[in-house]
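Enquirer: Could you have a look at this structure, given as structure tokens, before my questions?
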Amino acid sequence: MIDFSYTENQLMVRDMAREVATRVIVPTISEFDRAQKMNPDLLPAMRKANLLGFCIPEAYGGLGMDYISLGLASEELEYGDTAARVILSVHIGLYSLPLLTWGNEEQKQKYLVPAAKGEKLGTFGLTEPAAGSDVVGLQTTAVRDGDHYILNGEKMWISLADVADYFLIFAWTDLEKKKNRDHTGISAFLVEREMAGVSTASIHGKLGVRAGNTGSISMMDVKVPKENLVYKEGYGFKIAMFCLDQGRYTVAAGSCGLIKACRDACTKYMFERQTFGTKIANYQLVKQMLANMEAGYESSTLLWLKAGWKKNRGERNTRETSMAKWVACREAEAAAANAVQVFGAYGFSDEYPVERFYRNAKGASIYEGTREVHTLMQADYVLGLREDKELERDLPVVEG
Ligand SMILES: Cc1cc2nc3c(=O)[nH]c(=O)nc-3n(C[C@H](O)[C@H](O)[C@H](O)COP(=O)(O)OP(=O)(O)OC[C@H]3O[C@@H](n4cnc5c(N)ncnc54)[C@H](O)[C@@H]3O)c2cc1C
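Residue numbering for the sequence shown follows numbering that gives the first Met the number 0, starting at 0 and increasing by one per position.
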């Protein structure tokens, strides 16, 4: 049976996120975006509204909500600003949900519970200065030394790098496999900001997500207890891909929020702006751009809902999530470009929000798998060159 209605719990989460977006993000976003700073009120507001752990089970400090709720919250936050949705993407998608699946009980108590309660913030450190799409090109190493691993390396373009408390870090534990680019030599580790040898910095001058923090993490001889190895040695690549399945899902749903923000801004402007003695809402060529936004919103929404449905059932969903992320980001880029067009010269200035939508939309076709990476994945699925196998870990089944 297919049912497109939302449950009361899903609507409750959507409304919590909408309230934060309306009250905290929208009124101040142009100021913080221009200043390239995070709004200091945003994280406390998200924490208070339980938005930092709502889809983690109650047993681990969350509210036990499902993946559809996660999608709805992502959409609402990105309607306010992409930087706010990024917080959900990294803290819940790329850090907490993977820890729920791959972490052991001690790790969950120590590193997941405080994150789900919003007391600590987590992020995901995969990318390096010379390795983005090419994950096995990463250079960070983790060498076993008695009861510890010694980590050395540099992570780059990490969301919340200068803000998060905990980092899920990917590093080579098998240096022979590193030489052969065999991904089964990569492992995942829980690293704390307070560990000696860890330092972070922020990147300034970004095209978009300016009201969010993005930066680098440097690790110099960081002594990480062996208990902080996630799952087993050699599983880092698989864990990283699992993380991306969750993060990409929030990017897909979030992109729908950005499309909707473009659509709503254009709808209002089309009735206000007059040329040649009539409202621009009367021109078919302008209507075409609005109609395309609506088609992009509806089709992208169906794609993330399908991925979320599979996630709730505990089924592998890499293919569906990649499709949702790829299409939604493409539609968001197109919607934002058209929104600037609808606004004419005013769209070209930061007097209106559409130029920010345009800059923010570009980033989502780069992070969490570039447009090209998803294109190749989808072609390979069709060609039979790629298939999703079940994981060694059971995926959580959630009631919607
Ligand atoms: C705002 C922002 C936030 C981010 N947050 C995080 C984070 O929290 N954690 C994290 O680990 N990373 C993060 N990243 C990094 C992001 O995931 C990488 O930028 C992304 O994976 C692409 O890697 P790259 O930038 O090195 O590009 P490259 O991999 O160098 O790619 C350059 C170009 O070549 C193309 N290309 C590369 N390989 C192929 C191929 N085989 N076939 C066809 N085309 C190819 C790409 O599509 C792209 O167009 C973030 C990036 C941004 C911009």
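For glycine and all other residues, C-beta sits at the position ideal for the given N, C-alpha and C. Model, not experiment: these values are computed from the prediction.
Looking at S215 and ligand 1, is the gap between the Cβ and the nearest heavy atom below 8 Å?
Expert: No; taking the cut-off as 8 Å, the Cβ of S215 has no heavy atom of ligand 1 nearer than that.
Enquirer: Round the Cβ separation of S68 and V12 to the nearest angstrom and send it over; I've been treating them as touching at under 8 Å.
Expert: Going by Cβ atoms, the distance from S68 to V12 rounds to 4 Å, so yes, they are a contact pair.
Enquirer: For the pair the segment 362 to 373 and the segment 47 to 59, tell me if three or more CB-CB distances fall below 8 Å.
Expert: The segment 362 to 373 is not in contact with the segment 47 to 59.
Enquirer: Taking the beta strand (DSSP E) that H147 belongs to, which residues open and close that run?
Expert: It spans 147 to 158 - the beta strand (DSSP E) in which H147 sits, taken as one unbroken run.
Enquirer: In this structure, how does DSSP classify S29 when only helix, strand and coil are distinguished?
Expert: Reduced to three states, the DSSP call for S29 is helix.
Enquirer: Does the contact criterion of 3 or more C-beta pairs under 8 Å hold for the segment 302 to 319 versus the segment 256 to 263?
Expert: They do not touch, by the three-pair rule.
Enquirer: Would you give the residue range spanned by the alpha helix (DSSP H) that V12 belongs to?
Expert: It spans 7 to 19 - the alpha helix (DSSP H) in which V12 sits, taken as one unbroken run.
Enquirer: Bridge partners of P224, per DSSP?
Expert: Paired residues: H147.
Enquirer: Could you give the DSSP three-state label for Y234: helix, strand or coil?
Expert: Correct three-state label for Y234: coil.
Enquirer: Assign I238 to buried or exposed, taking buried as 16 or more other Cβ atoms, counted over all protein chains shown, within 10 Å of its Cβ.
Expert: I238 is buried by the Cβ-count criterion.
Enquirer: May I ask whether a heavy atom of ligand 1 can be found less than 8 Å away from the beta carbon of T126?
Expert: Indeed, a heavy atom of ligand 1 lies less than 8 Å from the Cβ.
Enquirer: Just to confirm, is the Cβ distance from Y380 to L257 under 9 Å?
Expert: Cβ distance not < 9 Å, so Y380 and L257 don't count as in contact.
Enquirer: Thinking C-beta only, is A251 closer than 9 Å to A327?
Expert: Cβ atoms of A327 and A251: closer than 9 Å.
Enquirer: State the start and end residues of the unbroken beta strand (DSSP E) segment that holds L167.
Expert: 165 to 171 is the span of the beta strand (DSSP E), which, as asked, contains L167.
Enquirer: Can you say whether P97 is buried or exposed, counting buried as having 16 or more other CB atoms within 10 angstroms of its CB?
Expert: With 16 or more other Cβ atoms within 10 Å, it is buried.
Enquirer: Cα-Cα, which of G124, L10, M45, N8 is closest to E191?
Expert: It is G124.
Enquirer: Based on the DSSP output, what are the partners of S198 in its beta bridges?
Expert: For S198, which the question treats as bridged, DSSP gives the partners S217.
Enquirer: Would you report the Cα separation of K388 and A378, rounded to the nearest angstrom?
Expert: Taking the straight line joining both Cα atoms gives about 17 Å.
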